[in-house]
Amino acid sequence: MSISIARPLPRSPGSLREAWIALAGLSAVFLFEMLDNSILTVALPTIGRDLHASTTALQWVSNSYAVVFGGLMLVFGAVADRFGRRRVMLAGLALLGAASLATVFVTSVSGLIVVRSVMGVAAAMTTPGSIALAFRLFRDDDLRVRAMTLISTVGLVGLAVGPPLGGFVLTAAPWQALLLVNVPIAVLAMIGIGRGVEADTAAELHRGPSDLLGGVLGTATIVLVLVVPTFFVEQGAAAWLPWAAVGVTVVAAVLYVVRARTARHPLLDLKLVARPQVAGGLAYKAATGLAAAGLTYLVTLQLQLDWGWSPALAAVGMLPQVVVLIAGGPLVNRFVRRVGLDRAALPGGLCVVAGLAVYALLGRLGYVPVAVALVLVAAGIRVVGAVAGVTVLKGLPENRTSIGAALVDTASQVTSAAGVAVSGTVLAVLFAGGIAQPGWSAGQTAQFEQAVTIGGLLLTAMSAALVGWAFLRVRRSQACS
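All the letters of the sequence shown, read from the start, carry residue numbers 2 to 482 under the working numbering.
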């Protein structure tokens, strides 16, 4: 007779300091996600000249990464829950390092798009795991919030320093050096996660059969959702292609829901998503994704095209948002401890709605209300970003944390695309002529200001609806507990 000895659960760290090696690795993963696109943006003109790229091809240098990343997150979240979160993350980091090194051999824009797509695959394998592993690392909710705040702060620093760092590097090195920066980040992440995070035990994994058809339909739906806004922005709401793409997207989404409800082992069990804690956390996250993308899109156009600010001055004009996002971490931790994890998201969501309302109603009057709107939305994003992920993962079984983290990221990605689509469509309908052409007439200026008001009010209403629904779902969860 054989005797099996159960593997004891690892001791949970009692402070962030005790888990610094793991947190360094997980923070490096989020740094890659935030730094990658921001540092490359400043190099697009240089890349276009060197590789003789068209405007459309150059756009896909950025979009290919985002579309592949967003489309595959749910699939790799499910894969990580089945085969090991640490294992999938380390494999993704190895792929990231290899793809970044391959940039040295790129000689055409099509080759660069392929490399960027592979990097999107690597991001989909690694980014959701950073939230899932940070959640599993600690047992205490306060430490979980503080860990996620630390990780997101590192990522936001990367987002903020990316453009100036990229500009500095381009003065002394070719554009390929910007993507080679990912190699030491990947190595640092592999060391931190390899040494600081234990491998999953069999009991922590989800062993249900894989739903290949559900994976295909889910990926197709998310990819279409992310691509459709590009059609609206490029071709306008009067063209047939954007609306045809919307129709195909709806069909794919319906087929996916039918598959998820009828399959014995679906890629994502919709009953888990319907849990009040999970649904509420995702709705809060969706509200902030919608607000951040829509507001940033409108403000960027307003500062440069309507008010005539230079790109450098416009970057300075966005600083209130950047400062709050980077410096707000310690304040967020104290706020969450004071009001509690379950109550913190609502004030954050209301802050986002208030910021959008200020911009919609007063943003055309001058920079001060624009700055106030940026600060309010950034503060709300900071709070919701710290607690929404913890709220969602607490509402899921422990063997579904990776797909839960992927859901959080997917909600943000999809609603960010929706925010740009709403803003871009309103502009396309109301603004006559080429928006990027200099020398607007008085009529065009009035049309743009009207579009800012209407687009801002639509974003406000949509975010308010998401926040209100999230509040009701979370309150239901508290009543049932």
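We put the beta carbon where it would ideally sit given N, CA and C, even for glycine.
Within the same chain, ALA23, LEU27, ARG86, ARG87, MET90, ILE194, VAL198 come within 8 Å of LEU134 by CB-CB distance, once the 5 residues on both sides are set aside. The beta carbons of VAL337 and VAL388 sit about 6 Å from each other, so the pair counts as a contact at 8 Å. Contact annotation: the segment 331–349 does not touch the segment 452–465, with fewer than three C-beta pairs closer than 8 Å. In the DSSP annotation of this structure, the continuous segment of the alpha helix (DSSP H) that includes LEU179 starts and ends at 177–181. The segment 65–79 makes contact with the segment 400–410; the number of CB pairs closer than 8 Å reaches 3 or more. The C-beta distance from ALA292 to SER464 rounds to 5 Å, short enough to meet the 8 Å contact threshold. For the pair LEU304 and PHE472, the Cα-to-Cα distance works out to about 34 Å. VAL247 is the residue among VAL247, TRP241, GLU19 whose C-alpha sits nearest the C-alpha of LEU227. Nearest to ASP82 by C-alpha distance, out of GLN438, ALA452, THR402, is THR402.
Membership of GLY98 in the alpha helix (DSSP H) is indicated by the continuous run 86–103. Taking the Cα positions, VAL224 is about 9 Å away from LEU73.
The Cβ atoms of MET120 and LEU94 do not sit closer than 8 Å to each other. Around the beta-carbon of LYS286, 16 or more other beta-carbon atoms lie within 10 Å, marking it buried.
As the crow flies, the alpha-carbon of ILE382 is around 8 Å from that of LEU326. Cβ atoms of GLY420 and GLY318 stay farther apart than 8 Å, at about 19 Å. Linking LEU362 to GLY444 through their CA atoms gives a straight-line distance of about 20 Å. Taking the CA atoms as reference points, PHE432 sits about 49 Å from PRO398. Non-local C-beta neighbours of LEU342 in its own chain, meaning closer than 6 Å and more than five positions away in sequence, comprise ASP142, VAL388, ordered along the chain. For TRP310, there is no enclosing alpha helix (DSSP H), as DSSP gives it neither H nor E. In the DSSP annotation of this structure, the continuous segment of the alpha helix (DSSP H) that includes ALA387 starts and ends at 368–395. Counting every other CB atom within 10 Å of its CB across the protein chains shown gives ALA358 a total of 16 or more, marking it as buried. For the set ALA92, LYS272, PRO439, ALA466, the Cα lying nearest the Cα of ASP307 is the one of PRO439. The Cβ-Cβ distance between ALA294 and LEU467 does not fall below 8 Å.
When the Cα atoms are used, LEU347 and VAL378 turn out to be separated by approximately 13 Å. 8 Å or more divides the Cβ of ALA174 from the Cβ of GLY215.
For ASP410, the enclosing alpha helix (DSSP H) has its first and last residue at 402–431.
If you ignore the 5 residues before and after MET126, its C-beta comes within less than 6 Å of the C-beta of PHE77, VAL89, GLY93, all in its own chain and listed in chain order. DSSP, read as helix, strand or coil, puts SER65 in helix. By the Cβ test, the segment 412–426 is not in contact with the segment 367–376, since fewer than three Cβ pairs between them sit closer than 8 Å.
Just so you know, the alpha carbons of ALA253 and THR220 end up roughly 9 Å apart. Ranked by Cα distance from SER413, the first of VAL430, SER109, TRP441, GLY390 is GLY390. Contact check for ILE40 against VAL182 passes: the beta carbons are separated by less than 8 Å. Taking a contact as a CB-CB distance under 8 Å, the pair VAL162 and LEU32 does not count as one, their CB atoms being some 10 Å apart. By the CB criterion at 8 Å, VAL475 and PRO277 fall inside the cutoff. Contact between GLY329 and SER153 does not hold, since their C-beta atoms are separated by about 10 Å, which reaches or exceeds 8 Å.
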